[in-house]
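Visitor: Residue numbers (my numbering): 1 to 88. Ideal Cβ positions, reconstructed from N, Cα and C, are used throughout, including at glycine.
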Amino acid sequence: MKRLLLSLPILLTTSSVFAEGRSYDSGGCTAEQTDAFCSLIGLLMLALIVLVVVDGIWNAYKMRTDPAHRTRALQWKREYDEKQRRGY
């Protein structure tokens with residue numbers, strides 16, 4: 001999920017290329033088509049943000065209510081911290 005968030009700046013920069021306000025851009029799209037494209041990109045980014053928030057809330061809920069999930073998550077965190085400490 002975090003990897004998807006890293007792609008947001010790339011989406012922002014590529015979509016801004018198409019929204020310069022010319023009557024036709026280099027791809028041959030009209031201004032209305034570029035507006036629709038930018039709206040679609042905006043909606044997709046909003047959906048991605050909502051998905052990340054809901055996933056975080058669900059994970060927090062599972063951490064509080066499911067002992068097995070909590071044990072696995074803490075084990076993964078310890079392993080990750082150990083790898084970071086060793087420099088992997």
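(1) According to DSSP, Thr34 sits in a beta bridge with which residue or residues?
(2) So for Tyr88, helix, strand or coil by DSSP?
(3) Taking the C-alpha atoms as reference points, what is the distance between Glu79 and Gly87?
(4) Rounded to whole angstroms, what is the Cα-Cα separation between Ser39 and Trp58?
Guide: The structure says:
(1) Translated into positions along the sequence shown, residue 34 becomes position 34. For Thr34, DSSP assigns no beta-bridge partner whatsoever.
(2) Here residue 88 is taken as the residue at index 88 of the sequence shown, counted from 1. The answer is coil: DSSP assigns Tyr88 none of H, G, I, E or B.
(3) Residue 79 sits at position 79 when you count from the first residue of the sequence shown. Residue 87 sits at position 87 when you count from the first residue of the sequence shown. Spanning the two alpha carbons is a distance of roughly 12 Å.
(4) Start at 1 with the first residue of the sequence shown, and residue 39 comes out as number 39. Start at 1 with the first residue of the sequence shown, and residue 58 comes out as number 58. Cα-Cα distance, rounded: 28 Å.
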